[in-house]
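A.B. asks: This is the structure, below, for whatever I ask next.
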Amino acid sequence: MATVQVSDAVFAGMKDKVVLITGGASGIGKATAELCLKHGANVIIGDLSLLPSDLVSEKLKFIQLDVCSWESQRDAFIQVEEWFGRIDHVFANAGIGPTTDFLNDTLDENGHLTPPDLQTINVNLLGVISTVRLAAYYIQKNSAHRAAGELGSIVVTASTASFQNFSAGDYTITKHGVLGLIHGIGFQLEGKVRLNAVAPSWTATEMIDAAFIEGLGVGVQGPEVVARSVALLFNDQQRHGDVIYSWKGKYREVNKAEGGFLAAADGILMNSAHEESVVRKLREAKMV
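According to our numbering, the sequence shown is numbered sequentially starting from -16.
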């Protein structure tokens, strides 16, 4: 796995860029908005919650949206395009914590098992898929506004729960799915839009009780640590298909790097070298 250095110099590329952040009213999204604004970006926050009073800037706009609604997200992208004529970077960050483990035996009035609660799935995975789909379209649509060879980017919020056991059923399923976006559609966006992910460890947001976790002797990082990795992925034109893990100010690329997850899979699986090439040929033949 490759250690990643995040220096302030890389943030100079944010000046006058148009950045849309879902789930930007608090936590990692808010910290990312503040960092982008500090370096001169035009930031649009889309969130179901209203902006906090301390988040104010002439270069900040807000759209109230529901990521579980395609129409709500679509209208937000249309609004941003009308305001600025382009979208350069999108941070698909809206998310909630676990709401069920899928194994609760809840019965209805007739004594029959009720369907599982899919709220976290709808927000953390299906909502992110919709954001990524819209972002890919609108970033490419207005690519003429960028310098030759410069690509816009999408960053999704994965988690350490994306690649290990994590006893929060619905949440873990969604974060594995977010990592699946990197592996499943990244190649289709090559040379068009850069798609990357951040995978933070325990981070002080409204989703967790940071004091309780620290009381267990486990370190908790501030959301500004994760924000720096997001902004790095916005600005580094060489990064596509990367997953940057962060913990207490330290960063590692854990997907593509030597010793990362893709390399580990190649070492474990007996036929991994052929599987991706076969899928690509099937797609070229329009068989999948």
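A virtual CB, placed ideally from N, CA and C, is assigned to each residue, including glycine. These numbers come from a predicted model, not from an experiment.
Just to confirm my understanding: we take lysine 239, look at its own chain, exclude 5 residues before and 5 after, and list those with CB closer than 7 Å. What are they?
C.D. replies: Gly224, Asp225 and Leu245
A.B. asks: Put arginine 116 into one of helix, strand or coil per three-state DSSP.
C.D. replies: helix
A.B. asks: Quick one: what's alanine 180 bridged to in DSSP?
C.D. replies: Val139 and Val226
A.B. asks: Which residue marks the beginning of the beta strand (DSSP E) containing valine 161, and which one marks its end?
C.D. replies: Segment 152 to 168 is the alpha helix (DSSP H) holding valine 161; no beta strand (DSSP E) there.
A.B. asks: For the putative contact between valine 208 and glycine 232, defined by C-beta atoms under 8 Å, what is the C-beta separation to the nearest angstrom?
C.D. replies: 6 Å
A.B. asks: Could you tell me the alpha carbon to alpha carbon distance between tryptophan 185 and isoleucine 196, rounded to whole angstroms?
C.D. replies: 8 Å
A.B. asks: What residues match up with histidine 22 in a beta bridge as DSSP calls it?
C.D. replies: For histidine 22, which the question treats as bridged, DSSP gives no partner whatsoever.
A.B. asks: For histidine 72, list the residues DSSP reports as bridge partners.
C.D. replies: Val2 and Ser136
A.B. asks: Within 8 Å of any Cβ in chain C, is that where the Cβ of glutamine 102 sits?
C.D. replies: The displayed structure is made up of one protein chain only, and chain C is not part of it.
A.B. asks: Enumerate in chain order the residues of its own chain whose CB-to-CB distance from isoleucine 122 is below 6 Å, with the five nearest sequence positions on each side excluded.
C.D. replies: Ile70, Gly135 and Val176
A.B. asks: With 16 as the cutoff for other CB atoms within 10 Å, does serine 260 come out buried or exposed?
C.D. replies: Looking at its Cβ environment, which holds fewer than 16 other Cβ atoms inside 10 Å, serine 260 is exposed.
A.B. asks: Less than 8 Å between the CB atoms is what I'm expecting for leucine 31 and leucine 48, so what's the real figure, rounded?
C.D. replies: 7 Å
A.B. asks: If I'm right that tyrosine 234 touches valine -11 with Cβ under 8 Å, what's the distance once you round it to whole angstroms?
C.D. replies: 6 Å
A.B. asks: What first and last residue would you give for the alpha helix (DSSP H) that runs through phenylalanine 217?
C.D. replies: 206 to 218
A.B. asks: DSSP on alanine -15, reduced to helix/strand/coil?
C.D. replies: strand
A.B. asks: Spatial neighbours of glutamine 56 within its chain, please: C-beta separation below 7 Å, excluding the five flanking residues on both sides.
C.D. replies: Leu48, Val50, Ser113, Thr114 and Leu117
A.B. asks: Using the beta-carbon count (16 or more within 10 Å), is alanine 130 buried or exposed?
C.D. replies: exposed
A.B. asks: DSSP has tyrosine 121 in a bridge; who is on the other side?
C.D. replies: Beta-bridge pairing links tyrosine 121 to no other residue.
A.B. asks: What does a CB cutoff of less than 6 Å around alanine 14 pick up in its chain, not counting 5 residues either side in sequence?
C.D. replies: Only Pro206, Glu207 and Ala210 meet the Cβ criterion.
A.B. asks: Between the Cα of tryptophan 66 and those of Val26, Asp84 and Leu96, spot the shortest distance and give me the residue it belongs to.
C.D. replies: Val26
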